[in-house]
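Trainee: One structure is given below, represented as C-alpha cells, and several questions about it will come after.
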Amino acid sequence: MGRLSTPVKIILAVLSAAGVVGAFLFLRNETVLEQNRQSIVSQLSEELLPINEERNDWEAQEEEWLENLEAAQKGKPCVVLCFAYEGATLYNLVYTSMLEYGFTGVFALKNGVIPGEDDEDYIDSDDMEEMLDYGWEYALYFADETVYGDEDADDSEASVTETVTYTGQEWLNWIDSFQDTLIGYGMTASELLLCTQEQYDSVADSSITSRGFTTVVVADEESFPGVSEIGDDYWKIDSGVYTQEKELEDELGTAINNGESVVIFINEVVRIAQDTGYSLRSSKLSSLLSYLKEQEEQENLQVCTLSELYKYEAEREETYDSMLKEYAAFREEMNEALDELDAEEEALVEKAHEMTLQE
1140 MGRLSTPVKI ILAVLSAAGV VGAFLFLRNE TVLEQNRQSI VSQLSEELLP INEERNDWEA
1200 QEEEWLENLE AAQKGKPCVV LCFAYEGATL YNLVYTSMLE YGFTGVFALK NGVIPGEDDE
1260 DYIDSDDMEE MLDYGWEYAL YFADETVYGD EDADDSEASV TETVTYTGQE WLNWIDSFQD
1320 TLIGYGMTAS ELLLCTQEQY DSVADSSITS RGFTTVVVAD EESFPGVSEI GDDYWKIDSG
1380 VYTQEKELED ELGTAINNGE SVVIFINEVV RIAQDTGYSL RSSKLSSLLS YLKEQEEQEN
1440 LQVCTLSELY KYEAEREETY DSMLKEYAAF REEMNEALDE LDAEEEALVE KAHEMTLQE
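Right, here's the structure in full:
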C-alpha cells in the first residue's frame, strides 16, 4: 500500500478529532441526562414520602384496632368461688380468709334453711348480713339429703336410712317454696341456682328461665370448672368440684393463660378434712387464695361473684359489638384514604415518567 498524501492525513486527523469530540459530547450529554433522571427520581421519592408515611400510619392504626378487638373479645379471665353450704365455718374460715385478700364469693342457701334460725350448725343472720354488705351473694341449692328412720319404731323398715335427691317437678316446687320464704324474710329472690347434673337434666330450660334465674352452676365431680353460655336468657356453668383430693392450680393456670373464666364449686371448708373426697381443708383454700391474689396483682384475672361475672360478660360483649361497628367505620374511612393515596401516587409516577420522556 502506498503512503498517504499529506491532505489525506489532514482529513483523517480532523475526522479522528471530530470523533473524539463527538464521543466526549455524547458522554457528557448522557451524564447530564442521568443527573436529570436522578433528580427526577429524587424529587419523586420526596413527593412520595408523605404518601408512604400516611399509608403506614393507617396500617399502624388498623393493627392497633385489631389488637384492641382481640383483647375486647377475649376479655380478662374471671374466677368465681362458690361455697355450697351455709355452715358456721362459712363465716369463721371462708369469709375471714377471703376478706384478707379482698375477695368476695357466692354461698348457698341450702335445702331451704335460712340463717338466723338459732341453729349452731349454721351462720347467724348478723354474719350473713355482714357478708352480703361486703359484696357476697347467695344462690339456691338443694343437695342430696339424708333421711334417717325412727330408731325406736317397731317396724324395722322405719329405721332405714336413705338419701333423697330432689329432681324434676319436686325440685322446682322446692325452689318456688324457698323463693317465697326468702321474700317473706325480706330478702331478695335469688337469680342464681346451684344444682347437680341430675337435677339440671330433669327439667326443661324454660322451667329455669321462667323463674328468673340468670345463672345456673352445675356441679360435676369429674369436670374442670368452665363457663359456657346457653342461649340469651341464662348461663349454664359446668363447674368441677374442688376437694382435698384434687389439685387445681396447674389446670387453673392453663385456663387463665387461655383467657378462660372458671367457677369453682366447693362443698365445705373445714380445718381437718375427714372426707377428703367431699370437703376442702382451710389451709388448701388459703393456698388457692394466695395464688389467685398473685395472679390478680399481675392483672391476669379478676375474682368476682356470679352476678358480677354475668354483668362483666354482658358488658364485654356489648363493648365488643360496639367496637366492631366503630372498626367497620374506621375501615371504610381508611380504604377511602388509601384509594386517594394510591391515586396521588399514580399521578406522581406518571408525571415523573413524562418528564423523563421529554429529555
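Note that the numbering used here numbers the sequence shown so that position 223 is 1362, with each residue one more than the last.
Just so you know, even glycine gets a beta-carbon here, dropped at the ideal spot from N, CA and C.
All of these numbers come straight from a predicted model, not from anything done at the bench.
With distances taken from CA atoms, which of Met1473, Val1488, Asn1406, Ser1341 is nearest Asn1195?
Mentor: By 1-based counting over the sequence shown, the position of residue 1195 is 56. That would be Met1473, whose Cα lies nearest to the Cα of Asn1195.
Trainee: Taking only three categories from DSSP, how would you classify Glu1456?
Mentor: As a working note, residue 1456 is residue 317 in the sequence shown. Of the three classes helix, strand and coil, the one that applies to Glu1456 here is helix, per DSSP.
Trainee: Buried or exposed: Thr1444, going by 16 or more other Cβ atoms within 10 Å of its Cβ?
Mentor: Counting from 1 along the sequence shown, the entry for residue 1444 is found at position 305. Buried, by the Cβ-count rule.
Trainee: For Gly1307, which residues in the same chain have their Cβ closer than 8 Å to its Cβ, ignoring the five residues on either side in sequence?
Mentor: Along the sequence shown, one-based indexing puts residue 1307 at 168. Closer than 8 Å at Cβ, skipping near neighbours: Ser1341, Val1342.
Trainee: Could you tell me the alpha carbon to alpha carbon distance between Gln1212 and Glu1457, rounded to whole angstroms?
Mentor: Here residue 1212 corresponds to residue number 73 of the sequence shown, with the count starting at 1. Here residue 1457 corresponds to residue number 318 of the sequence shown, with the count starting at 1. Approximately 10 Å between the Cα atoms of the pair.
Trainee: Figure out for me which residue from Ser1236, Val1252, Thr1302, Ser1422 has the closest Cα to the Cα of Met1270.
Mentor: Locating residue 1270 in the sequence shown gives position 131, where the first residue counts as 1. Here the closest residue by C-alpha is Ser1236.
Trainee: With a Cβ-Cβ cutoff of 9 Å, do Leu1331 and Ala1358 count as a contact?
Mentor: Taking the sequence shown and counting its residues from 1, the one referred to as residue 1331 is at position 192. Taking the sequence shown and counting its residues from 1, the one referred to as residue 1358 is at position 219. No, these two residues do not count as a Cβ contact at 9 Å.
Trainee: Could you tell me the distance, in whole angstroms, from the CA atom of Phe1165 to the CA atom of Leu1188?
Mentor: Working through the sequence shown from its first residue, we reach residue 1165 at position 26. Working through the sequence shown from its first residue, we reach residue 1188 at position 49. Confidence in Phe1165 is poor, its pLDDT being 49 and thus under 50, which makes the residue's placement unreliable; the coordinate value appears in the next sentence. Cα to Cα, Phe1165 sits roughly 34 Å from Leu1188.
Trainee: Determine the DSSP secondary structure at Leu1445, reduced to helix, strand or coil.
Mentor: To locate residue 1445, count along the sequence shown from 1; it is residue 306. Three-state DSSP puts Leu1445 in a helix.
Trainee: Here's a check: name, in chain order, each residue in its chain whose Cβ is nearer than 7 Å to the Cβ of Gln1383, leaving out the five neighbours to either side.
Mentor: One-based indexing of the sequence shown puts residue 1383 at position 244. Counting only Cβ-Cβ distances below 7 Å, and skipping sequence neighbours, we find Ala1412, Thr1415, Ser1418, Leu1419, Arg1420, Lys1423.
Trainee: In this structure, how does DSSP classify Ser1418 when only helix, strand and coil are distinguished?
Mentor: In the sequence shown, counting from the first residue as 1, residue 1418 sits at position 279. If DSSP states are grouped into helix, strand and coil, Ser1418 belongs with coil.
Trainee: Consult DSSP for Ser1184 and reduce its assignment to one of helix, strand or coil.
Mentor: Mapped onto the sequence shown, residue 1184 falls at position 45. Three-state DSSP puts Ser1184 in a helix.
Trainee: With a Cβ-Cβ cutoff of 9 Å, do Leu1487 and Glu1193 count as a contact?
Mentor: Residue 1487 sits at position 348 when you count from the first residue of the sequence shown. Residue 1193 sits at position 54 when you count from the first residue of the sequence shown. It is not a contact, given that the beta carbons lie outside the stated cut-off.
Trainee: Please report the straight-line C-alpha distance between Tyr1224 and Val1401, rounded to a whole angstrom.
Mentor: Along the sequence shown, read from residue 1 onward, the residue named residue 1224 stands at position 85. Along the sequence shown, read from residue 1 onward, the residue named residue 1401 stands at position 262. Cα to Cα, the separation comes out at about 19 Å.
Trainee: Tell me which same chain residues have a C-beta within less than 8 Å of the C-beta of Arg1470, skipping the five on either side of it?
Mentor: Along the sequence shown, one-based indexing puts residue 1470 at 331. So the qualifying residues of the chain are Glu1201.
Trainee: Taking the alpha-carbon positions, what's the Ser1429 to Tyr1240 distance?
Mentor: Counting from 1 along the sequence shown, the entry for residue 1429 is found at position 290. Counting from 1 along the sequence shown, the entry for residue 1240 is found at position 101. Each residue's Cα considered, the two are about 8 Å apart.
Trainee: Going by other Cβ atoms of all chains shown within 10 Å of its Cβ, with 16 needed for buried, is Asn1397 buried or exposed?
Mentor: Your numbering for residue 1397 matches position 258 in the sequence shown. Looking at its Cβ environment, which holds fewer than 16 other Cβ atoms inside 10 Å, Asn1397 is exposed.
Trainee: Indicate the three-state DSSP secondary structure (helix, strand or coil) for Ser1426 in the structure shown.
Mentor: For this step, residue 1426 is matched to residue 287 along the sequence shown. It is helical.
Trainee: At 3 residues or longer, and completely inside the region 1191-1225: list those beta strand (DSSP E) runs for me, N to C.
Mentor: Within the region 1191-1225, the complete beta strand (DSSP E) runs of at least 3 residues are 1217-1222.
Trainee: Any idea what DSSP makes of Gly1379, helix, strand or coil?
Mentor: Here residue 1379 is taken as the residue at index 240 of the sequence shown, counted from 1. Residue state, collapsed to three classes: strand.
Trainee: Closest to Thr1304 by C-alpha separation, out of Tyr1230, Leu1205, Asp1283, Leu1391, would be which residue?
Mentor: Here residue 1304 corresponds to residue number 165 of the sequence shown, with the count starting at 1. For Thr1304, the nearest C-alpha among the options comes from Asp1283.
Trainee: Return yes when the Cβ of Val1442 is within less than 9 Å of the Cβ of Val1252, no when it is not.
Mentor: Along the sequence shown, one-based indexing puts residue 1252 at 113. Along the sequence shown, one-based indexing puts residue 1442 at 303. In this structure, Val1442 does not lie closer than 9 Å to Val1252 by Cβ.
Trainee: Pick helix, strand or coil for Leu1271, following the three-state DSSP scheme.
Mentor: Locating residue 1271 in the sequence shown gives position 132, counting from the first residue. Looking at Leu1271 - three-state DSSP - the assignment turns out to be helix.
Trainee: Which of the three DSSP states is assigned to Leu1440 in this structure?
Mentor: Along the sequence shown, one-based indexing puts residue 1440 at 301. DSSP places Leu1440 in coil when its eight states are reduced to three.
Trainee: Leaving aside the five residues before and after Val1147 along the sequence, list all residues of the same chain whose C-beta is less than 8 Å from its C-beta, in chain order.
Mentor: As a working mapping, residue 1147 is identified with position 8 in the sequence shown. In this prediction, Val1147 scores a pLDDT of 48, lower than 50, which makes its location untrustworthy; the coordinate-derived value is nonetheless stated afterwards. Around Val1147: no qualifying Cβ.
Trainee: Mind checking which residues open and close the beta strand (DSSP E) that includes Leu1279?
Mentor: Locating residue 1279 in the sequence shown gives position 140, where the first residue counts as 1. Here the beta strand (DSSP E) through Leu1279 covers 1276-1280.
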